[in-house]
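Residue numbers (this note's numbering), protein chains in the order written: chain A, 1 to 316; chain B, 1 to 247.
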């Protein structure tokens, strides 16, 4: 459905996207993941034809976005990063305008607008002026706009950005429901979000492609080494010694802090596939140490990218 | 064509809803009304008092348009850039040429709508005058024809300026500067006499053109001059927008 071959995009001296290649098969949901400034938005703008690449080639359903822009854009429903809409229009008026603009058959416009409003949950605000809507509703109107001409490919730039947790979940559910009929490329800087929605993830960092693969596989690789946090009521020296004897060579760099009330907190890395948490819990019980916290620490995206940049060849 | 009509309707609606356009419409009509009143007043005091009145009218119209055109056009692209809707617009299956044409004809239609109430002046005069005036239809048609041609050209300059920046103010000032330069170019030969300068001035000065049109003289050279320049500016605007995709 989407073929991206060695694309680069420069803005003056700044290289926003640097020799990125990937493909998206029909029916797939692919997540573009990366920290701010990684080149996600630029990549999606290149895919949508809003920008032209400095080098490389992009085809959407075998149509080049540079040579056949109109044909390529007919295949795309695009949701830009900040859901930019005409704030002086009413919801249904706006969607009808967009439907006509995107070539929906005039007699179909009304029915199609009703369908997407229903699908995106904006029927209740159909007569409202867009400028008066909440951010969540605007995002859904923008999504309805992206869907109105029944495009085979949806390109969604940060679809849940700035939404509250409830709206966030609604939009995620909606995207999942859309996957039956559309190929979806979406961007996000939130790893769990991409994990929940996408089949495959493409990771960008400073404009370069770092990794491209199925979510479970990458998530597995990204999670190593595991970081653990343990809080027990015991002297720090004893905790240090106990942990090294329980975990042996699997124990990575260890940091123990004394807390108030005789508690101490140990933070450490564990190599290998095995989860050491059951062992630790059992041993604490045997030693009659009070245990009040035992958890794996999720790596922040920033830490993941530090790990990825240093191990890029292995993952790519 | 369907895409163009959809875009054109949207542009027209947006213009009619914009407060700036409302204010501009009021100012424009007040200036037109005042000019008409001055014309009648001076004609009433004898034909000799009205000598050079056509030139003064031409000046007034061109000066008004040099302010009205930037005010009407400054938001056309700048607002879309600022609010981000430009991205939404240009990722729909529409050509850049259709967008430029729709924006231009949208604002031109609004401008024509502004001229419409002035058509009432003739019948009004007929109603009020003791002896109905003898109006030469050629001069009336020539005047409107000139107003549309010159106005259209100024609007295209405004549209091009708006495509350059996301700031309304910068777009308006740029358009005003371009129009002012064009007006001044027609005055150069008077300030700095050069051989054949008079012909230059005739060629470049919209005031001379407007005065000619107002006398009922439709010189095809001026018609071609404005049509080609308007098309040329619209073409440059389209290229400019295409260029933005590449840099």
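Backbone N, C-alpha and C define an ideal beta-carbon position, used for all residues, glycine too.
Residue 87(B) by DSSP, collapsed to three states: which one?
Three-state result, residue 87(B): helix.
Classify residue 95(A): buried if its beta carbon has 16 or more other beta carbons within 10 angstroms, exposed otherwise.
Buried.
For a quick check, are the C-beta atoms of residue 11(A) and residue 90(B) less than 7 Å apart?
No, the pair does not count as a contact, with Cβ atoms beyond the cut-off.
Under a CB-based cut-off of 7 Å, is residue 84(B) close to chain A?
It does; some Cβ of chain A falls within 7 Å.
In the structure shown, what three-state DSSP assignment does residue 97(A) receive?
Here residue 97(A) sits in helix by DSSP.
Closer than 7 Å, CB to CB, is residue 193(B) near chain A or not?
Output row for residue 193(B): interface = no.
List, in order along the chain, the chain A residues whose C-beta lies closer than 8 Å to that of residue 237(B)?
Those within 8 Å of residue 237(B) in chain A number zero; the least Cβ separation is about 18 Å.
Going straight from the alpha carbon of residue 120(B) to that of residue 33(B), what length do you get?
Spanning the two alpha carbons is a distance of roughly 11 Å.
For residue 136(A), go through chain B and note every residue whose CB falls closer than 9 Å to its CB, in chain order.
Simply none; closest approach about 18 Å.
Identify whether residue 264(A) lies in helix, strand or coil by the three-state DSSP scheme.
Residue state, collapsed to three classes: strand.
Thinking C-beta only, is residue 70(B) closer than 7 Å to residue 153(B)?
Their beta carbons are not under 7 Å apart, which means residue 153(B) does not touch residue 70(B) by this criterion.
Would you call the CB atoms of residue 53(A) and residue 9(A) closer than 7 Å?
Taking 7 Å as the Cβ cut-off, residue 53(A) and residue 9(A) qualify as a contacting pair.
If I'm right that residue 272(A) touches residue 18(A) with Cβ under 8 Å, what's the distance once you round it to whole angstroms?
Going by Cβ atoms, the distance from residue 272(A) to residue 18(A) rounds to 35 Å, so no, they are not a contact pair.
Distance, Cα to Cα, residue 85(A) vs residue 56(B)?
Rounded to the nearest angstrom, the two C-alpha atoms are 45 Å apart.
Got a sec? Which residues, its chain only, sit under 6 Å from residue 240(B) by beta carbon, not counting five neighbours each side?
Result list for residue 240(B): 163, in chain order.
So with CB distances below 7 Å, who are the chain A contacts of residue 30(B)?
Going along chain A, no residue has its Cβ under 7 Å from residue 30(B), so there is no contact; the nearest lies around 26 Å.
Any idea what DSSP makes of residue 149(B), helix, strand or coil?
Three-state DSSP puts residue 149(B) in a helix.
Which residue's Cα is closest to the Cα of residue 184(A): 192(A), 170(A) and 200(A)?
With distances taken between Cα atoms, residue 184(A) lies closest to 200(A).
Measuring CA to CA, which of 7(B), 35(B), 214(B) and 23(B) is closest to residue 137(B)?
When each option's Cα is compared against that of residue 137(B), the closest is 214(B).
Quick one: which unbroken alpha helix (DSSP H) runs of 4-plus residues sit fully inside the stretch 189-277 of chain A? Chain order, please.
191-197, 215-223 and 236-247, all fully within the stretch 189-277 of chain A.
What's the gap between the Cα of residue 233(B) and the Cα of residue 204(A)?
Each residue's Cα considered, the two are about 41 Å apart.
Going residue by residue through the stretch 165-209 of chain B, where are the continuous alpha helix (DSSP H) segments of at least 4 residues, counting only ones entirely within it?
Correct list: 168-185, 188-191 and 197-204.
Could you pull the DSSP bridge partners for residue 10(A) from this structure?
Paired residue(s): 15(A).
Span of the alpha helix (DSSP H) holding residue 226(B)?
Per DSSP, residue 226(B) belongs to the alpha helix (DSSP H) from 220-246.
Assuming residue 293(A) is part of the beta strand (DSSP E), what are its boundary residues?
Unbroken beta strand (DSSP E) run through residue 293(A): 290-297.
How about residue 77(A) and residue 186(A): are their beta carbons less than 7 Å apart?
Result no, Cβ atoms of residue 77(A) and residue 186(A) do not sit closer than 7 Å.
Measuring only the C-alpha atoms, how far is residue 131(A) from residue 79(A)?
So the alpha carbons of these two residues sit roughly 18 Å apart.
Suppose you measure from the CA of residue 155(B) to the CA of residue 216(B); what does that come to, to the nearest Å?
Residue 155(B) and residue 216(B): Cα-Cα distance of roughly 24 Å.
Quick check: the Cα distance between residue 111(B) and residue 150(B), rounded to an integer number of angstroms?
Near 12 Å, if we compare the C-alpha coordinates of residue 150(B) and residue 111(B).
Give the secondary structure of residue 148(A) by DSSP, where H, G and I count as helix, E and B as strand, and everything else as coil.
Coil, per DSSP.
Could you tell me the alpha carbon to alpha carbon distance between residue 56(A) and residue 161(A), rounded to whole angstroms?
Taking the straight line joining both Cα atoms gives about 29 Å.
Closer than 7 Å, CB to CB, is residue 94(A) near chain D or not?
Here the protein chains are A and B, and chain D is not one of them.
In the stretch 43-57 of chain A, which residues sit with their C-beta less than 7 Å from some C-beta in chain B, listed in chain order?
So the list reads 48, 49, 50, 51 and 52, given in the order they occur along the chain.
Along the chain, where does the beta strand (DSSP E) containing residue 154(A) start, and where does it finish?
That run of the beta strand (DSSP E) goes 153-157.
If you measure between the beta carbons of residue 92(B) and residue 102(A), is that distance less than 7 Å?
Cβ atoms of residue 92(B) and residue 102(A): closer than 7 Å.
Go through its chain and collect everything with a Cβ distance to residue 312(A)'s Cβ below 6 Å, but skip five positions before and after it.
Here residue 312(A) scores only 48 on pLDDT, less than 50, and its place in the model should not be relied on; the value that follows carries that caveat. Around residue 312(A): 210.
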